[in-house]
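*Asks:* The structure is given below, and queries will be raised subsequently.
Protein chains: 2
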Amino acid sequence: MVEDDRLDGRQRRGRDTRAHIISAAMEQFCESGYRASSLRDIAARADITHPGVLYHFPTKEALLMAVLQRRDEQGRETRPVVGEMGRAALASMAAAAAHNETQRAMVELYAVLSAEATGPDHPAHAYFTERYERLHANVLEAYTVARDAGDLVDDVEPRVAAPQLIARIITAHLNTQLRVPLDAF
Amino acid sequence: MVEDDRLDGRQRRGRDTRAHIISAAMEQFCESGYRASSLRDIAARADITHPGVLYHFPTKEALLMAVLQRRDEQGRETRPVVGEMGRAALASMAAAAAHNETQRAMVELYAVLSAEATGPDHPAHAYFTERYERLHANVLEAYTVARDAGDLVDDVEPRVAAPQLIARIITAHLNTQLRVPLDAF
DNA sequence: GTCTATAAAGTGATAGAC
DNA sequence: GTCTATCACTTTATAGAC
Numbered sequence: 132m133v134e135d136d137r138l139d140g141r142q143r144r145g146r147d148t149r150a151h152i153i154s155a156a157m158e159q160f161c162e163s164g165y166r167a168s169s170l171r172d173i174a175a176r177a178d179i180t181h182p183g184v185l186y187h188f189p190t191k192e193a194l195l196m197a198v199l200q201r202r203d204e205q206g207r208e209t210r211p212v213v214g215e216m217g218r219a220a221l222a223s224m225a226a227a228a229a230h231n232e233t234q235r236a237m238v239e240l241y242a243v244l245s246a247e248a249t250g251p252d253h254p255a256h257a258y259f260t261e262r263y264e265r266l267h268a269n270v271l272e273a274y275t276v277a278r279d280a281g282d283l284v285d286d287v288e289p290r291v292a293a294p295q296l297i298a299r300i301i302t303a304h305l306n307t308q309l310r311v312p313l314d315a316f
Numbered sequence: 132m133v134e135d136d137r138l139d140g141r142q143r144r145g146r147d148t149r150a151h152i153i154s155a156a157m158e159q160f161c162e163s164g165y166r167a168s169s170l171r172d173i174a175a176r177a178d179i180t181h182p183g184v185l186y187h188f189p190t191k192e193a194l195l196m197a198v199l200q201r202r203d204e205q206g207r208e209t210r211p212v213v214g215e216m217g218r219a220a221l222a223s224m225a226a227a228a229a230h231n232e233t234q235r236a237m238v239e240l241y242a243v244l245s246a247e248a249t250g251p252d253h254p255a256h257a258y259f260t261e262r263y264e265r266l267h268a269n270v271l272e273a274y275t276v277a278r279d280a281g282d283l284v285d286d287v288e289p290r291v292a293a294p295q296l297i298a299r300i301i302t303a304h305l306n307t308q309l310r311v312p313l314d315a316f
């Protein structure tokens with residue numbers, strides 16, 4: 132639940148209701164996905180009414196984007212620095228993956244949302260498509276540089292290895308953290 | 132799209148509207164998940180109205196179950212036979228995984244639904260939970276029998292290897308088949 | 001900045017004609 | 001077996017009071 136830091140009963144929180152709404156939305160999207168989460172559900176979690184939410188975020192979609200954006204900001208410090216090369220870039224991706232392990236709620240949210248965003252009409256579709264393409268490009272480049280520097284075992288082909296690395300990290304984390312593991316059978 | 136086998140314009144299909152509705156629902160659930168798919172969307176795909184759908188399936192939930200059930204029937208022949216042991220059981224799981232590759236739509240549906248069904252109140256939650264538990268138990272037993280028969284490399288621990296195998300198969304397929312790969316970053 | 005009240009549209013489901 | 005019409009409910013979003 133969203134921790135409750137209002138000073139007393141009447142004057143709710145002097146500052147950042149906004150941050151509380153984002154936390155509440157994160158939890159709700161996590162549990163039910165984006166479409167199945169109503170503004171009323173989210174508002175209730177943040178202890179306000181739904182027009183209260185819409186004062187801070189013009190639309191439900193804007194709220195979703197704010198949630199994704201917060202996650203981007205939180206993850207920034209552990210993300211590989213642009214310009215980092217080969218072996219070093221691969222190493223810092225491993226560090227980022229380890230960091231994700233401590234963020235169960237966010238990983239869950241991403242799992243639910245990225246599956247839901249499979250449809251091209253979903254508000255987060257572009258977000259996830261771009262994100263994956265960028266990630267893939269980065270990993271691919273890191274592998275390529277690492278190979279050219281002689282850091283890779285001989286028969287590792289960057290174009291094959293990149294999606295494999297991404298897939299491995301995704302699985303390892305999702306299936307230890309989801310309440311119901313993703314199931315392809 | 133659902134193939135269109137009505138004889139001509141007026142008398143729609145002599146038989147199985149039911150099967151067509153299931154196909155249409157499968158496509159729709161695939162694209163948008165369960166909750167975001169309306170009976171009207173599904174009905175339009177099957178070229179009827181939404182009360183027409185509800186004549187064949189009493190509720191939307193019953194329709195979901197019919198979709199999942201069809202998938203169970205289709206997959207039955209490639210599923211490991213009960214009583215198959217160790218190495219043989221592991222081998223037939225590999226065969227089942229290969230078969231899944233030819234069923235892009237179903238795999239996509241499962242990916243979307245199982246993520247959505249993470250919440251305990253989702254109609255398919257129990258379905259996926261039970262399914263995963265049964266799958267895990269089977270794989271675990273197969274590994275255990277294989278080890279006792281001396282078929283495994285020494286330090287392979289069944290209790291560790293089973294979820295790893297499941298995870299690997301899931302990832303490999305999901306991320307080559309989904310329009311937007313699952314993303315944990 | 002948050003509320004009550006409400007609008008406009010969509011939802012699953014039912015009743016009854018044909 | 002499929003339709004039209006409709007019900008009761010929920011949704012996102014807006015208007016206006018405080």
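Heads up: the sequence lines are chains A and B, in that order.
In short: position in the first sequence from 1, add 131, done, that's the working numbering.
In short: position in the second sequence from 1, add 131, done, that's the working numbering.
Each residue gets a CB set at the ideal place from its N, CA and C atoms; glycine is no exception.
The structure displayed is predicted, hence computed values, not measured ones.
At a CB distance below 7 Å, what residues from the region 145-171 of chain A approach chain B? Give them in sequence order.
*Replies:* Cβ contacts with chain B: E162, S163, G164, R166 and A167.
*Asks:* Do the region 274-289 of chain A and the region 191-201 of chain A meet, that is, are 3 or more Cβ pairs less than 8 Å apart?
*Replies:* The region 274-289 of chain A is not in contact with the region 191-201 of chain A.
*Asks:* Compute the beta-carbon to beta-carbon distance between E192(B) and E247(A), rounded to the nearest angstrom, for a pair I have assumed lies under 8 Å.
*Replies:* On the second sequence, position 61 is the one that residue 192(B) refers to. On the first sequence, position 116 is the one that residue 247(A) refers to. With a Cβ gap of about 19 Å, E192(B) and E247(A) do not count as contacting.
*Asks:* Does the beta-carbon distance from R166(B) to R166(A) come in below 9 Å?
*Replies:* Taking the second sequence and counting its residues from 1, one reaches residue 166(B) at position 35. Taking the first sequence and counting its residues from 1, one reaches residue 166(A) at position 35. Yes, they are a contact pair.
*Asks:* To the nearest angstrom, how far is the alpha carbon of S223(B) from that of L271(B)?
*Replies:* For the purposes of this step, residue 223(B) is taken as residue 92 along the second sequence, with counting starting at 1. For the purposes of this step, residue 271(B) is taken as residue 140 along the second sequence, with counting starting at 1. So the two alpha carbons sit approximately 14 Å from each other.
*Asks:* Just the C-alpha distance for N269(A) and P182(B), rounded to the nearest angstrom, thanks.
*Replies:* Looking up residue 269(A) in the first sequence gives position 138. Looking up residue 182(B) in the second sequence gives position 51. Cα to Cα, the separation comes out at about 50 Å.
*Asks:* Establish whether the CB of E247(B) and some CB of chain A are separated by less than 9 Å.
*Replies:* What you label residue 247(B) is simply residue 116 of the second sequence in a count that begins at 1. So, interface residue.
*Asks:* In the region 244-274 of chain A, which residue ranges form an unbroken beta strand (DSSP E) of at least 3 residues, counting only runs that do not cross its ends?
*Replies:* Those beta strand (DSSP E) runs which fall completely within the region 244-274 of chain A and span 3+ residues do not exist here.
*Asks:* If you follow the alpha helix (DSSP H) that G183(B) is part of, which residue opens it and which one closes it?
*Replies:* Along the second sequence, one-based indexing puts residue 183(B) at 52. Here the alpha helix (DSSP H) through G183(B) covers H181 to H187.
*Asks:* Where does S168(B) sit, in a helix, a strand or coil, going by DSSP?
*Replies:* Here residue 168(B) refers to the residue found at position 37 of the second sequence. Here S168(B) sits in coil by DSSP.
*Asks:* Who are the Cβ neighbours of G217(A) in its own chain at under 7 Å, not counting the five residues just before and after it?
*Replies:* Within the first sequence, residue 217(A) is the residue found at index 86, counting from 1. Result list for G217(A): A273, V276, A277, A280 and D282, in chain order.
*Asks:* Any Cβ of chain B within less than 9 Å of the Cβ of D282(A)?
*Replies:* Indexing the first sequence from 1 puts residue 282(A) at position 151. Taking Cβ atoms only, chain B never reaches closer than 9 Å to D282(A), which makes this a no.
*Asks:* Would the beta-carbon of L170(B) fall within 9 Å of that of L185(B)?
*Replies:* On the second sequence, residue 170(B) is found 39 positions in, with the first residue counted as 1. On the second sequence, residue 185(B) is found 54 positions in, with the first residue counted as 1. Yes; because the gap between Cβ atoms is below 9 Å, this pair is in contact.
*Asks:* Under the assumption that I179(B) contacts Q159(B) (Cβ atoms under 8 Å), give the Cβ distance between them as a whole number of angstroms.
*Replies:* Taking the second sequence and counting its residues from 1, one reaches residue 179(B) at position 48. Taking the second sequence and counting its residues from 1, one reaches residue 159(B) at position 28. With a Cβ gap of about 14 Å, I179(B) and Q159(B) do not count as contacting.
*Asks:* According to DSSP, simplified to helix, strand and coil, what is D135(A)?
*Replies:* Indexing the first sequence from 1 puts residue 135(A) at position 4. Any reading at D135(A) needs caution, since the residue's pLDDT is 47, under 50, leaving its predicted position unreliable; the model's value is listed next. Coil.
*Asks:* Counting C-beta neighbours from all protein chains within 10 Å, is the total for R262(A) 16 or more, i.e. buried, or is it exposed?
*Replies:* Here the question's residue 262(A) lines up with position 131 in the first sequence. Classification for R262(A): buried.
*Asks:* In chain order, what residues of the same chain lie with their CB nearer than 8 Å to the CB of H267(A), ignoring the 5 residues before and after it?
*Replies:* Here residue 267(A) is taken as the residue at index 136 of the first sequence, counted from 1. The answer, listed in chain order, is A293, P294 and I297.
*Asks:* Just checking: is the beta-carbon of D285(A) within a distance shorter than 9 Å of some beta-carbon in chain B?
*Replies:* Translated into positions along the first sequence, residue 285(A) becomes position 154. Chain B, which has no Cβ nearer than 9 Å to the Cβ of D285(A), makes this no.
*Asks:* Starting from T148(B), follow the alpha helix (DSSP H) in both directions and report where the run begins and ends.
*Replies:* On the second sequence, residue 148(B) is found 17 positions in, with the first residue counted as 1. Start and end: T148 to S163.
*Asks:* Return helix, strand or coil for G217(A), following the three-state DSSP convention.
*Replies:* Your numbering for residue 217(A) matches position 86 in the first sequence. Here G217(A) sits in helix by DSSP.
*Asks:* Short of 8 Å in beta carbon distance, which residues of its chain neighbour T148(A), apart from the five on each side in sequence? Order them along the chain.
*Replies:* Locating residue 148(A) in the first sequence gives position 17, where the first residue counts as 1. Excluding positions up to five away in sequence, the list reads A177, I179, G183 and H187.
*Asks:* If distances are taken between C-alpha atoms only, which option among E162(A), V291(A), I152(A) and S163(A) comes closest to P189(A)?
*Replies:* Position 58 of the first sequence holds residue 189(A). Taking only the C-alpha atoms, the option nearest P189(A) is I152(A).
*Asks:* What is the DSSP secondary structure of E204(B), counted as helix, strand or coil?
*Replies:* Along the second sequence, read from residue 1 onward, the residue named residue 204(B) stands at position 73. If DSSP states are grouped into helix, strand and coil, E204(B) belongs with the helices.
*Asks:* Tell whether a beta-carbon distance below 9 Å holds between E162(B) and S168(B).
*Replies:* Translated into the one-based positions of the second sequence, residue 162(B) becomes position 31. Translated into the one-based positions of the second sequence, residue 168(B) becomes position 37. Their beta carbons are under 9 Å apart, which means E162(B) touches S168(B) by this criterion.
*Asks:* Can you name, in chain order, every residue of its own chain whose Cβ lies under 6 Å from the Cβ of F259(B), other than the five neighbours on each side?
*Replies:* On the second sequence, position 128 is the one that residue 259(B) refers to. Excluding sequence neighbours, F259(B) sits near S245 and A248.
*Asks:* Go ahead and pull the three-state DSSP assignment for D286(B).
*Replies:* The residue given as residue 286(B) occupies position 155 in the second sequence. If DSSP states are grouped into helix, strand and coil, D286(B) belongs with coil.
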